[in-house]
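K.L.:
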Amino acid sequence: MRLEAKGVGWSAGGTVIIDGIDVTAVPGHVLGLLGPNGAGKSTLMNVLARLVAPDHGELSLDGRDYSQWGRREMARTLVAVQQQATTEQDVIVEDVIDLGRIPHRGRWSGISRHDRGVVRRAARQTGVEQLLQRHWQSLSGGEQQRVQIARAFAQEGRIMLLDEPTNHLDIAHQLDMLDRVRATGLTVVVALHDLNLAAAYCDEVLVLQDGRAVHYGPPARVLTAEVVREVYRVEVRVLHPDPDGPPLFQYLRSDIAAAGEDAGGGTGPDPGGDGGG
Numbered sequence: 001m002r003l004e005a006k007g008v009g010w011s012a013g014g015t016v017i018i019d020g021i022d023v024t025a026v027p028g029h030v031l032g033l034l035g036p037n038g039a040g041k042s043t044l045m046n047v048l049a050r051l052v053a054p055d056h057g058e059l060s061l062d063g064r065d066y067s068q069w070g071r072r073e074m075a076r077t078l079v080a081v082q083q084q085a086t087t088e089q090d091v092i093v094e095d096v097i098d099l100g101r102i103p104h105r106g107r108w109s110g111i112s113r114h115d116r117g118v119v120r121r122a123a124r125q126t127g128v129e130q131l132l133q134r135h136w137q138s139l140s141g142g143e144q145q146r147v148q149i150a151r152a153f154a155q156e157g158r159i160m161l162l163d164e165p166t167n168h169l170d171i172a173h174q175l176d177m178l179d180r181v182r183a184t185g186l187t188v189v190v191a192l193h194d195l196n197l198a199a200a201y202c203d204e205v206l207v208l209q210d211g212r213a214v215h216y217g218p219p220a221r222v223l224t225a226e227v228v229r230e231v232y233r234v235e236v237r238v239l240h241p242d243p244d245g246p247p248l249f250q251y252l253r254s255d256i257a258a259a260g261e262d263a264g265g266g267t268g269p270d271p272g273g274d275g276g277g
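Letter 213 of the sequence shown, counting from 1, is numbered 213 in full-length UniProt numbering, and no numbers are missing.
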C-alpha cells in the first residue's frame, strides 16, 4: 500500500515543528527518516500515524485521503511503534502483544484461538516467545522494545511506522529486528539515528533538518560526507569496502565538541555539573 504526504506541516504553541514535507513510501521498500535530535522525525511519524492532525498538507493511502478512513479500518492497515511505550497496569507480555489484535475483532469479542495463534507467531518472529508470561514491568528496555515490535507484527497491517525501533536493543537484536521488518515486504517508514543501519536497510532516506526535508534518495547517493557534515555537524569518512554493498561511515569529529574546545571548555562534562544533554 502506498503512503503519501504532500506539503505536511505542524506547529505547537506558535512554533513550527515541521513544514512543507513531502513523503512517498511504497510496498516492499523501507524509507528511512534521518536527522539530528529536534529535526522533526518523531513529529512527522505522529502525523503519518494520525496521532496528531497536520495544520496543513495532504495525507493519503493508495490515493484515498486520511479523512476517508475510519479509525478501525485505519488500525487494520497502518501499524505504529513509538519510541517508548509505558503502562502502569500489571499486564503480561502475551496481553501486550494481543493489543495488536483488537482492530480485528468485534467490540465485545474476546481473544480467539486464531488471535492466540497470531500472537504466538509474532512472539516467535521477534524472539520473545519465552517472555509471554512475564510481567511487562519486569522487562528490560530492550525486551520491552521487542515486545512492541511483536505487537506490531500481530496487528497484521500493510504499513509499518517505526520511530527509532533500535532504541535499547543490542547490536544483534538491532540487526535481527531490521532483517525481520524488511522481510515482511510491507511499506515501511523507520526513523533511525544510526547511518550505517540506514545505509544497510533503507531503500530511500529522507533527511530532515530544522523541521524541513533537505535531502531525499537512495542512501548511497544522499549520505555523502558533505551532507553528514551539513546536517549532523560531524566529520565523517565514507568507506566502500564492498563495491556492491552499502557505504560505511567512520565518525571522525563532532563540530559540537570542536566548538567546546575552541571556547576553552574541553570536551567532557563540567565536573561540577550534572553532565546532562
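In this text, a Cβ means the ideal position worked out from N, Cα and C, and glycines have one as well.
By the three-class DSSP mapping on this structure, what secondary structure does His-173 have?
P.N.:
Here residue 173 refers to the residue found at position 173 when the sequence shown is read from its first residue. In the structure shown, His-173 sits in a helix (DSSP, three-state: H, G or I).
K.L.:
For Arg-237, which of Pro-246, Arg-71, Ala-225 and Leu-206 has the nearest alpha-carbon?
P.N.:
Against the sequence shown, residue 237 aligns to sequence position 237. If we check each option's Cα against that of Arg-237, Ala-225 comes out closest.
K.L.:
Please look up how many angstroms separate the CB atoms of Thr-126 and Phe-153, rounded, as I've assumed it's under 8 Å.
P.N.:
For the purposes of this step, residue 126 is identified with residue 126 of the sequence shown, where counting begins at 1. For the purposes of this step, residue 153 is identified with residue 153 of the sequence shown, where counting begins at 1. That belief holds up - the Cβ atoms of Thr-126 and Phe-153 are roughly 6 Å apart, short of 8 Å.
K.L.:
Which one of Met-160, Ile-149, Gln-137 and Arg-2 has the shortest CA to CA distance from Thr-166?
P.N.:
As a position in the sequence shown, residue 166 is number 166, starting the count at 1. Considering only alpha carbons, the answer is Ile-149.
K.L.:
Run through the DSSP bridge pairs and tell me what residue 291 is partnered with.
P.N.:
With the chain represented from 1 up to 277, any question about residue 291 goes unanswered, as that position is not in the structure.
K.L.:
Along the chain, where does the beta strand (DSSP E) that runs through Met-160 open and close?
P.N.:
Within the sequence shown, residue 160 is the residue found at index 160, counting from 1. 159-163 is the extent of the beta strand (DSSP E) around Met-160.
K.L.:
Measure the alpha-carbon distance for Leu-208 versus Gly-63 and round it to whole angstroms.
P.N.:
One-based indexing of the sequence shown puts residue 208 at position 208. One-based indexing of the sequence shown puts residue 63 at position 63. Each residue's alpha carbon lies about 24 Å from the other.
K.L.:
Would a C-beta distance cut-off of 7 Å place Gly-157 and Leu-78 closer than the cut-off?
P.N.:
Translated into the one-based positions of the sequence shown, residue 157 becomes position 157. Translated into the one-based positions of the sequence shown, residue 78 becomes position 78. Going by C-beta atoms, Gly-157 is nearer than 7 Å to Leu-78.
K.L.:
With distances taken Cα to Cα, identify the nearest neighbour of Val-26 among Ser-42, Ala-49, Arg-2 and Asp-19.
P.N.:
Translated into the one-based positions of the sequence shown, residue 26 becomes position 26. When only C-alpha atoms are compared, the closest one is Arg-2.
K.L.:
Rounded to the nearest angstrom, what separates Val-234 and Val-190 at their Cα positions?
P.N.:
Here the question's residue 234 lines up with position 234 in the sequence shown. Here the question's residue 190 lines up with position 190 in the sequence shown. Spanning the two alpha carbons is a distance of roughly 22 Å.
K.L.:
Between Arg-50 and Arg-71, what straight-line distance do the alpha-carbon atoms span, to the nearest angstrom?
P.N.:
In the sequence shown, the residue the question calls residue 50 occupies position 50. In the sequence shown, the residue the question calls residue 71 occupies position 71. So the two alpha carbons sit approximately 10 Å from each other.
K.L.:
Output the boundary residues of the alpha helix (DSSP H) element that contains Ala-225.
P.N.:
Counted from its first residue, the sequence shown places residue 225 at position 225. Segment 225-232, the alpha helix (DSSP H) holding Ala-225.
K.L.:
Is Gly-32 near Val-205, with beta carbons less than 7 Å apart?
P.N.:
What you label residue 32 is simply residue 32 of the sequence shown in a count that begins at 1. What you label residue 205 is simply residue 205 of the sequence shown in a count that begins at 1. It is a contact, given that the beta carbons lie within the stated cut-off.
K.L.:
Whole angstroms are fine: how far does the CA of Gly-28 sit from the CA of Thr-184?
P.N.:
The residue labelled residue 184 in the question sits at position 184 within the sequence shown. The residue labelled residue 28 in the question sits at position 28 within the sequence shown. Taking the straight line from one Cα to the other gives about 8 Å.
K.L.:
Just how far apart, CA to CA, sit Gly-141 and Leu-61?
P.N.:
Your numbering for residue 141 matches position 141 in the sequence shown. Your numbering for residue 61 matches position 61 in the sequence shown. Each residue's alpha carbon lies about 32 Å from the other.
K.L.:
Is DSSP giving Ala-39 helix, strand or coil here?
P.N.:
Residue 39 sits at position 39 when you count from the first residue of the sequence shown. DSSP places Ala-39 in coil when its eight states are reduced to three.
K.L.:
Looking only at its own chain, which residues have a Cβ that is under 6 Å from the Cβ of Ala-263, when we skip the five neighbours before and after it?
P.N.:
In the sequence shown, residue 263 corresponds to position 263, counting from 1. Legend: pLDDT at Ala-263 = 49, less than 50; position of this residue unreliable, no value from coordinates given.
K.L.:
Start and end of the beta strand (DSSP E) containing Arg-212?
P.N.:
For the purposes of this step, residue 212 is identified with residue 212 of the sequence shown, where counting begins at 1. Looking at the DSSP string, the run of the beta strand (DSSP E) that includes Arg-212 is 212-217.
K.L.:
Just tell me which of Ala-122, Gly-7 and Ile-92 has its CA closest to the CA of Arg-101.
P.N.:
For the purposes of this step, residue 101 is taken as the residue at position 101 of the sequence shown. Of Ala-122, Gly-7 and Ile-92, the residue nearest in Cα terms is Ala-122.
K.L.:
Which value, in whole angstroms, describes the spacing of the CA atoms of Lys-41 and Leu-132?
P.N.:
By one-based count along the sequence shown, residue 41 stands at place 41. By one-based count along the sequence shown, residue 132 stands at place 132. Using only the alpha carbons, I get a separation of about 31 Å.
K.L.:
Return the chain-ordered list of same chain residues with a C-beta closer than 6 Å to the C-beta of Val-222, the five sequence neighbours on each side being excluded.
P.N.:
Here residue 222 corresponds to residue number 222 of the sequence shown, with the count starting at 1. Result list for Val-222: Val-205 and His-215, in chain order.
K.L.:
Should Pro-239 be labelled buried (16 or more other beta-carbon atoms within 10 Å of its own) or exposed?
P.N.:
Looking up residue 239 in the sequence shown gives position 239. Note on identity: in this sequence residue 239 is Leu, with Pro being the wrong assignment. Leu-239 should be labelled exposed.
K.L.:
Within the continuous alpha helix (DSSP H) that includes Gly-110, where are the two ends?
P.N.:
Stepping through the sequence shown from its first residue, residue 110 is reached at position 110. No alpha helix (DSSP H) contains Gly-110, which DSSP labels as neither H nor E.
K.L.:
Would you kindly check if the distance between the Cβ of Ala-213 and the Cβ of Ile-21 is under 7 Å?
P.N.:
By one-based count along the sequence shown, residue 21 stands at place 21. By one-based count along the sequence shown, residue 213 stands at place 213. In this structure, Ala-213 lies closer than 7 Å to Ile-21 by Cβ.
K.L.:
Per DSSP, what kind of secondary structure is Asp-65 in: helix, strand or coil?
P.N.:
The sequence position of residue 65 within the sequence shown is 65, counting from 1. In the structure shown, Asp-65 sits in a strand (DSSP, three-state: E or B).
K.L.:
Below 6 Å CB to CB, which residues in the same chain sit around Val-93 once its five sequence neighbours on both sides are set aside?
P.N.:
Translated into positions along the sequence shown, residue 93 becomes position 93. Counting only Cβ-Cβ distances below 6 Å, and skipping sequence neighbours, we find Leu-131, Leu-132, Arg-134 and Val-147.
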